[in-house]
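**Q**
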Amino acid sequence: MRTVEMAVQAVAREGSQLILFPELFSCGYDCKATKIGDTAWEVGGKELDRVGSLARKHGIAVCLPYAERLVVDGVRGGLANSCALFDCEGHLVLNYRKINLYGPWEKETFLPGGPEGLECVLLRLKGNRSVRCGVVICYDLEFPEPARCLAVQGAELLLAPTALPLPNDVCDQSLNTIPLKVVPTRALENGLFVLYSNLEGDAEAVPGQGVTGFCGCSAIIAPDGEDLGRLGGLTGGASLSAVLRLDDYSRLKRENPYMADHAARVRAGHYKVLLCPPELPGHRGLDSQQQARAATPDAYELSLISNPIEALDLVAETAARLSQAAKPVEPVELEEGSKKRKAPRAGEEASPCHRPRTL
1 MRTVEMAVQA VAREGSQLIL FPELFSCGYD CKATKIGDTA WEVGGKELDR
51 VGSLARKHGI AVCLPYAERL VVDGVRGGLA NSCALFDCEG HLVLNYRKIN
101 LYGPWEKETF LPGGPEGLEC VLLRLKGNRS VRCGVVICYD LEFPEPARCL
151 AVQGAELLLA PTALPLPNDV CDQSLNTIPL KVVPTRALEN GLFVLYSNLE
201 GDAEAVPGQG VTGFCGCSAI IAPDGEDLGR LGGLTGGASL SAVLRLDDYS
251 RLKRENPYMA DHAARVRAGH YKVLLCPPEL PGHRGLDSQQ QARAATPDAY
301 ELSLISNPIE ALDLVAETAA RLSQAAKPVE PVELEEGSKK RKAPRAGEEA
351 SPCHRPRTL
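Using full-length UniProt numbering, count along the sequence shown one by one with no gaps and you end on 359.
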């Protein structure tokens with residue numbers, strides 16, 4: 001909690017109106033399940049009340065991921081990978097629970113959140129300002145649906161705390177497809193700002209995850225998919241700030257009406273298959289790995305042509321080559337019992353006795 005206090009105080013002093021921490025920041029992503037259970041917080045507990053007091057004291061909205069101890073009808077139950085969002089007055093406006101749990105360790109440790117968590121809320125900021133925003137956590141952002149659910153509710157800002165690992169000590173930032181490509185895509189296709197806060201540096205190995213470290217690459221992405229700011233892989237715990245000017249991107253939304261066109265297709269029923277995806281044909285009874293192998297051929301040979309003139313030339317060239325390769329078929333005498341008859345030439349209509357029978 002001391003680290004949270006120092007970070008909130010520092011960014012508030014610099015004039016920031018919102019701070020976002022990485023996934024499971026309260027306890028660390030590399031904890032064992034028993035340790036997470038011992039350090040889990042409850043909604044309405046003293047720990048979250050203290051975070052709310054920090055937000056109110058410094059006049060800053062705080063988005064803090066934590067391990068939540070679920071309480072149902074007064075009975076303490078399982079754990080959730082959660083994120084608490086406080087406005088500048090210290091009110092808890094959203095408590096999001098991660099829906100898409102990644103890997104065996106998360107699925108054995110946490111319970112998934114429900115669809116009610118994908119809620120767009122009006123977040124009050126210092127200076128009598130506000131922004132419509134929603135929260136997703138790490139793996140949630142790798143699916144297009146959670147971000148789109150928030151966008152259709154009018155979200156302008158998406159908060160995405162993350163613990164994206166670097167498996168096998170790979171340090172080449174060019175391999176980080178998710179922060180460098182997927183995250184900007186979510187911003188562009190939904191016309192919203194994305195705050196992506198990822199852990200960085202070494203980590204204790206997480207059982208079943210193969211995690212040896214986290215790749216960093218925290219970023220603030222504009223609705224046009226461009227970086228407003230981005231950190232490298234290893235920064236020593238640096239913070240990142242940017243000014244979000246919502247009005248600057250209103251023209252972009254008018255010229256790229258993704259949301260309106262998407263809504264029209266939904267109403268027309270084009271995407272209803274997503275409500276109940278069919279099984280892949282011939283894959284019943286196979287586990288997920290077997291299905292993936294059955295659905296994926298060893299290799300494809302593909303061609304991409306962007307110039308229509310080149311395409312016509314290629315078609316003509318291919319047709320000529322095939323024509324030259326084709327050889328005329330000479331009549332061949334076939335014996336059938338004691339009778340002889342000629343097979344038809346290529347292109348000739350077969351006589352009734354040459355036509356294949358339909359069984």
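From the three backbone atoms N, C-alpha and C, an ideal C-beta is built for every residue, glycine too.
On the three-state DSSP scale, how would you describe ARG357?
**A** As a working mapping, residue 357 is identified with position 357 in the sequence shown. Because ARG357 carries a pLDDT of 39, less than 50, the predicted location of this residue cannot be relied on, and no value is offered for it.
**Q** Leaving out five residues on either side along the sequence, give the residues of the same chain with a beta carbon under 7 Å from the beta carbon of ILE178.
**A** Position 178 of the sequence shown holds residue 178. Here the set comprises GLU142 and LEU164.
**Q** Would you say GLY78 and ILE99 are within 8 Å of each other, going by their C-beta atoms?
**A** Walking along the sequence shown from the start, residue 78 turns up at place 78. Walking along the sequence shown from the start, residue 99 turns up at place 99. No, the pair does not count as a contact, with Cβ atoms beyond the cut-off.
**Q** Going by beta carbon distance, what residues of the same chain come within less than 7 Å of ASP224, once the five residues before and after it are set aside?
**A** Taking the first residue of the sequence shown as position 1, residue 224 is located at position 224. Same-chain partners within the cutoff: LEU188, TYR249 and LEU252.
**Q** Thinking C-alpha only, which one of LYS35, HIS270 and CYS133 is nearest PHE86?
**A** Numbered from 1 along the sequence shown, position 86 holds the residue referred to as residue 86. Among LYS35, HIS270 and CYS133, the Cα nearest to that of PHE86 is on CYS133.
**Q** Alpha carbon to alpha carbon, what distance is there between GLU317 and LEU157?
**A** By one-based count along the sequence shown, residue 157 stands at place 157. By one-based count along the sequence shown, residue 317 stands at place 317. In a straight line, the C-alpha of LEU157 is about 52 Å away from that of GLU317.
**Q** If we count Cβ pairs, one from each stretch, closer than 8 Å, do we get three or more for the segment 40 to 55 versus the segment 66 to 85?
**A** Taking a cut-off of 8 Å on C-beta distances, the segment 40 to 55 touches the segment 66 to 85, as three or more cross pairs fall below it.
**Q** For the pair the segment 259 to 276 and the segment 193 to 203, tell me if three or more CB-CB distances fall below 8 Å.
**A** no
**Q** Applying the 10 Å Cβ sphere with the 16-neighbour rule, what's the burial state of GLN17?
**A** As a first step, residue 17 must be located in the sequence shown, where it is residue number 17. Buried, because 16 or more other Cβ atoms sit within 10 Å of the Cβ of GLN17.
**Q** Answer with buried or exposed for GLU23, where buried requires no fewer than 16 other C-beta atoms within 10 angstroms of its C-beta.
**A** Taking the first residue of the sequence shown as position 1, residue 23 is located at position 23. The residue in question, GLU23, is buried, as its Cβ has 16 or more Cβ neighbours within 10 Å.
**Q** Excluding five sequence neighbours on each side, which residues of the same chain lie with their C-beta closer than 7 Å to the C-beta of ALA238?
**A** Numbered from 1 along the sequence shown, position 238 holds the residue referred to as residue 238. The residues are LEU231.
**Q** Could you check whether CYS27 and residue 368 sit closer than 8 Å to each other, using their CB atoms as the reference points?
**A** Outside the shown range of the chain, which is 1 to 359, sits residue 368, and nothing can be said about it.
**Q** Return the Cβ separation of ILE220 and GLY213 in integer angstroms, given the expectation that the two are a contact with Cβ distance under 8 Å.
**A** Here residue 220 corresponds to residue number 220 of the sequence shown, with the count starting at 1. Here residue 213 corresponds to residue number 213 of the sequence shown, with the count starting at 1. Not a contact, Cβ separation roughly 23 Å.
**Q** My assumption, with CB atoms under 8 Å, is that GLY90 sits in contact with ARG56. Please give the rounded CB distance.
**A** Reading the sequence shown from its first residue, position 90 is the one you call residue 90. Reading the sequence shown from its first residue, position 56 is the one you call residue 56. Confirmed, about 3 Å.
**Q** With a cut-off of 8 Å, does the C-beta of THR34 fall near any C-beta of chain C?
**A** Protein chain content of the structure displayed is limited to a single chain, and chain C is not contained in it.
**Q** My output table needs one value for VAL93: the three-state DSSP class, helix, strand or coil.
**A** The count along the sequence shown starts at 1 and reaches residue 93 at position 93. Strand at VAL93.
**Q** Just curious, the beta strand (DSSP E) that LEU228 is in, first and last residue?
**A** Position 228 of the sequence shown, counting from 1, holds the residue named residue 228. Start and end: 227 to 230.
**Q** Can the beta-carbon of LEU48 be found closer than 8 Å to that of LEU92?
**A** In the sequence shown, the residue the question calls residue 48 occupies position 48. In the sequence shown, the residue the question calls residue 92 occupies position 92. In contact: LEU48 and LEU92 (Cβ atoms closer than 8 Å).
**Q** Taking 8 Å as the cut-off, decide whether the C-beta atoms of ALA260 and ASN190 are in contact.
**A** In the sequence shown, the residue the question calls residue 260 occupies position 260. In the sequence shown, the residue the question calls residue 190 occupies position 190. Result no, Cβ atoms of ALA260 and ASN190 do not sit closer than 8 Å.
**Q** Whole-angstrom Cβ separation of ALA61 and LEU118, contact assumed at under 8 Å?
**A** Taking the first residue of the sequence shown as 1, we reach residue 61 at position 61. Taking the first residue of the sequence shown as 1, we reach residue 118 at position 118. Taking C-beta atoms under 8 Å as the contact rule, ALA61 and LEU118 fail to qualify, at a distance of about 19 Å.
**Q** For CYS276, name the three-state secondary structure that DSSP assigns.
**A** As a working mapping, residue 276 is identified with position 276 in the sequence shown. When DSSP states are grouped into helix, strand and coil, CYS276 belongs to the coil group.
**Q** Return helix, strand or coil for GLY74, following the three-state DSSP convention.
**A** Taking the sequence shown and counting its residues from 1, one reaches residue 74 at position 74. Three-state DSSP puts GLY74 in coil, outside helix and strand.
**Q** Determine the burial state of PRO161: buried for a count of at least 16 other Cβ atoms within 10 Å of its Cβ, exposed for fewer.
**A** The residue given as residue 161 occupies position 161 in the sequence shown. Label assigned to PRO161: buried.
**Q** Can the beta-carbon of VAL51 be found less than 8 Å from the beta-carbon of TYR96?
**A** Along the sequence shown, read from residue 1 onward, the residue named residue 51 stands at position 51. Along the sequence shown, read from residue 1 onward, the residue named residue 96 stands at position 96. Contact flag unset, no.
**Q** Where does VAL75 land, buried or exposed, given buried means 16+ other C-beta within 10 angstroms?
**A** Position 75 of the sequence shown, counted from the first residue, corresponds to residue 75. Per the 10 Å Cβ criterion, exposed.
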